[in-house]
Each structure stands twice: as structure tokens, then as C-alpha cells.
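Asks: The structure that follows is given in the form of C-alpha cells.
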Amino acid sequence: MTHATPSLDLGYSFCPNDTFIFYALAHGRVPAPMPVREVLEDVQTLNDWAREGRLPITKISYRAYFEVMDQYVALRAGGALGRGVGPLIVAREQLGDLNGKLVASPGSLTTAEMLLRVRHPDVRVVRMRYDEVMPAVARGEVDAGLIIHESRFTFHEYGLVRLVDLGAWWEGETGLPLPLGAILVRRDLPRATQWALNEAVRASLEYAYAHPQEPKGYIRQHALEMSDDVMQAHIDLYVNDFSLDVGAEGERAVRELYRRAVQAGVARASDRPLFVERP
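Going by the working numbering, the sequence shown opens with residue 135, and the numbers climb by one from there.
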């Protein structure tokens, strides 16, 4: 009798940066400690699922990671950090003071909303899926919108103007890149497996860099009516050296974001390691 090799459910988003990074791993192009099965969802859903501990390995916003650190630890590879990558606040016209205004947010556990609340503590927030934010602003249902992902390239198409670049604000405040998303594995997995998954994610990205044409059909399949130019701009912006390894500067940025989350009362202090360690 033969037994099927156990697999791990791997959660990531439909966004081009994620499908680019995980194409090779999801399609068996690179070695992994065990097969993985792709589970594609929007980031807010993945954030919510992480609270339940549903997936053994998953994409998550750094803001949400700080709430599930008892169950998960971040990989060093596969994440989204960088400069010029931050969320934007957009509106139909320049508004001046945002305090008291109604702002559409892509989710309570997004890094974007955390930055919004630190920068503008008195805004009123209504939450919706990230791709619904700009249409809601354009229809006048909200005063402004907090946009992430490819929306930073397309908000002009909705007749909207940029009010605040929260990434530029963060960089000016800290001098550090902005941590947006991480790849988490469950802490109850053996350390050797955690590290092997880290290396598999890194190898998956290296494969995509070495064979840039091969993942394009897979990326296009999930790109939500995005043009090819926007799809590539999204990858170029959000996939970088920090995606191969968070590095010392990336670690400092994550620790600073965590410190501010604790200071703002939206995360509990913990002495658990933030990243997987080589066994």
C-alpha cells in the first residue's frame, strides 16, 4: 500500500508580487520539505485566518503578525518591505485636515490602517475589501480612501488625488523601509522544517527571477483585470532584495513597527523571536 505524501496548505494573495514569488513552490519547480497546496485569498481574509491558526504557512500583514506571534513566526524570505511602497490616502479633491473624516480602509489588521491611525488618530473608519475602496471614494460614499497594492498605480483612473503617502511619512520618521507583509509558519513546526520552508520560499523567488516568462500566465490568471504594465510595475515595486532575505535593515524596520504597535496599544509586548532561525 502506498501513502500520499502529506502536504502543507500555503496561503497567499492574488497580488502579482505573491503569485510571482510562490509560482515555483506551488508548482513543484523547487525542492521543499513537503509538497504545498496553494490557498489564494485576499490579505484581510488571510489575516483573519491566522488569528484562528488555520494555515501552517501563510502570507500576512505585519500589523496582523503582531497579534498572532504566539502561534506563528515570520520567515526571512518572501515578505514585502521597501521604500516607496507605502499605502496612500486618496480623495476626490484635496481635503486639508483629515481628522473627523470618514476613510475607507482595506482592513483592521492591515499595516496600512495601523499607520493611518498613528498619523491621523481622529479619523472615522469604514472597512471594505481593498479593491472596493477607490470606487467607494469615487462615488462619494466616503471622504477618502486608504489604498494598497496595485491601487497606487491606478487611482488617477478614478479621478482621485493623493492626499498623504503614509510610506513616505514612515520613511521620514524612521529612516527605515516600511514593512508591509510577511510569510509566517506555525511555531509548532520543527525548527528544521521552518528553516527548510524559508529556503524553499527563497528558492521559489530565485526561480522566478531566473525564468521571468514562465510565471506570467499564472500571475495573469489572478491579476484582477490588471494591465500587463501595472502587473509588472506591482512586481517591480513590491519584490526586492528584502523579499530574498529581510536582512539586518529589514529586521530593524520590523522591530520599530512592532515597538510603535505596542506603544500605540494595538499589540502586546513579547520576547518571542520575530524571525525563523537556522537550526
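All C-beta atoms in this analysis are idealised placements derived from N, C-alpha and C, irrespective of residue type, glycine included. For clarity, every value in this text was computed on a predicted model and none was experimentally measured.
1) Rounded to the nearest angstrom, how far is the Cβ of Ala295 from that of Arg394, given a contact under 8 Å?
2) DSSP state of Glu172, grouped into three classes?
3) Tell me the DSSP secondary structure of Thr192 in three-state form.
4) Is it buried or exposed, Thr136, if we count other Cβ atoms within 10 angstroms and call 16 or more buried?
5) Spatial neighbours of Met203 within its chain, please: C-beta separation below 6 Å, excluding the five flanking residues on both sides.
6) In this structure, what does DSSP give as the bridge partners for Asp256?
7) Report, in whole angstroms, the separation of the C-beta atoms of Ala211 and Val388, which I expect to be a contact under 8 Å.
8) Work out the CA separation of Ala278 and Asp231 for me, nearest whole Å.
9) For the candidate residues Pro140, Tyr157 and Phe148, whose alpha-carbon lies nearest to that of Tyr343?
10) With DSSP collapsed to three states, give me the class of Val237.
11) Ile281 and Lys193: beta carbons closer than 8 Å?
12) DSSP on Asp152, reduced to helix/strand/coil?
13) Would you say the region 219 to 229 touches the region 293 to 309, given that touching needs at least three Cβ pairs under 8 Å?
14) So who's on the other strand from Pro313, going by DSSP bridges?
15) My guess is that Ala160 and Glu172 are in contact by the Cβ rule of under 8 Å, so how many angstroms apart are they, rounded?
16) What residues match up with Tyr146 in a beta bridge as DSSP calls it?
17) Mark Gly309 as exposed unless 16 or more other C-beta atoms lie within 10 angstroms of its C-beta, in which case mark it buried.
18) Could you please give the first and the last residue of the uninterrupted alpha helix (DSSP H) stretch that includes Arg402?
19) Note the first and the last residue of the continuous beta strand (DSSP E) segment covering Arg393.
20) Shortest alpha-carbon distance to Tyr372 belongs to which of Arg321, Phe287, Arg325 and Gly306?
21) Can you name the start and end residues of the alpha helix (DSSP H) that Tyr423 belongs to?
22) Apart from the five residues just before and just after Met168, which ones in its own chain have a Cβ nearer than 7 Å to its Cβ?
23) Return the chain-ordered list of same chain residues with a C-beta closer than 8 Å to the C-beta of Arg217, the five sequence neighbours on each side being excluded.
24) Do the region 183 to 192 and the region 320 to 338 make contact, defined as three or more Cβ pairs closer than 8 Å?
Replies: Straight from the coordinates:
1) What you label residue 295 is simply residue 161 of the sequence shown in a count that begins at 1. What you label residue 394 is simply residue 260 of the sequence shown in a count that begins at 1. In the sequence on display, residue 295 carries Val and not Ala. The pair is not a contact, with the Cβ atoms about 28 Å apart (cut-off 8 Å).
2) The residue given as residue 172 occupies position 38 in the sequence shown. Strand, per DSSP.
3) Against the sequence shown, residue 192 aligns to sequence position 58. Three-state DSSP puts Thr192 in a strand.
4) As a position in the sequence shown, residue 136 is number 2, starting the count at 1. With a pLDDT of only 41 at Thr136, under the threshold of 50, the placement of this residue in the model should not be trusted, and no figure is reported.
5) Walking along the sequence shown from the start, residue 203 turns up at place 69. Within the same chain, Met203 has close Cβ partners Ser404 and Arg406.
6) Residue numbering aside, residue 256 sits at position 122 when the sequence shown is read from its first letter. In the DSSP output, where bridge partners are listed per residue, Asp256 has none listed.
7) For the purposes of this step, residue 211 is taken as residue 77 along the sequence shown, with counting starting at 1. For the purposes of this step, residue 388 is taken as residue 254 along the sequence shown, with counting starting at 1. Not quite, the Cβ-Cβ distance comes to about 14 Å (not below 8 Å), so this is no contact.
8) Sequence index remark: in the sequence shown, residue 231 carries index 97 (1-based). Sequence index remark: in the sequence shown, residue 278 carries index 144 (1-based). Looking at the two C-alpha atoms, the distance is approximately 11 Å.
9) As a position in the sequence shown, residue 343 is number 209, starting the count at 1. That would be Tyr157, whose Cα lies nearest to the Cα of Tyr343.
10) Reading the sequence shown from its first residue, position 103 is the one you call residue 237. Val237: strand per DSSP, three-state reduction.
11) As a first step, residue 281 must be located in the sequence shown, where it is residue number 147. As a first step, residue 193 must be located in the sequence shown, where it is residue number 59. Taking 8 Å as the Cβ cut-off, Ile281 and Lys193 do not qualify as a contacting pair.
12) The residue labelled residue 152 in the question sits at position 18 within the sequence shown. The answer is helix: DSSP assigns Asp152 an H, G or I state.
13) yes
14) What you label residue 313 is simply residue 179 of the sequence shown in a count that begins at 1. When beta bridges are read from the DSSP output, Pro313 appears opposite Leu215.
15) Your numbering for residue 160 matches position 26 in the sequence shown. Your numbering for residue 172 matches position 38 in the sequence shown. Right, the Cβ-Cβ distance comes to about 4 Å (below 8 Å), so this counts as a contact.
16) By one-based count along the sequence shown, residue 146 stands at place 12. Answer by DSSP bridge pairing, in chain order: Leu174.
17) Here the question's residue 309 lines up with position 175 in the sequence shown. Looking at its Cβ environment, which holds fewer than 16 other Cβ atoms inside 10 Å, Gly309 is exposed.
18) Within the sequence shown, residue 402 is the residue found at index 268, counting from 1. No alpha helix (DSSP H) contains Arg402, which DSSP labels as neither H nor E.
19) In the sequence shown, counting from the first residue as 1, residue 393 sits at position 259. Arg393 -> not in any beta strand (DSSP E); alpha helix (DSSP H) instead, spanning Gly381 to Gln397.
20) Taking the sequence shown and counting its residues from 1, one reaches residue 372 at position 238. For Tyr372, the nearest C-alpha among the options comes from Phe287.
21) In the structure as shown, the chain begins at 135 and stops at 413. Residue 423 is therefore absent and cannot be evaluated.
22) Here residue 168 refers to the residue found at position 34 when the sequence shown is read from its first residue. Correct list, in chain order: Thr139, Pro140, Ser141 and Leu142.
23) Stepping through the sequence shown from its first residue, residue 217 is reached at position 83. Same-chain partners within the cutoff: Gly301, Glu305, Pro311 and Leu312.
24) yes
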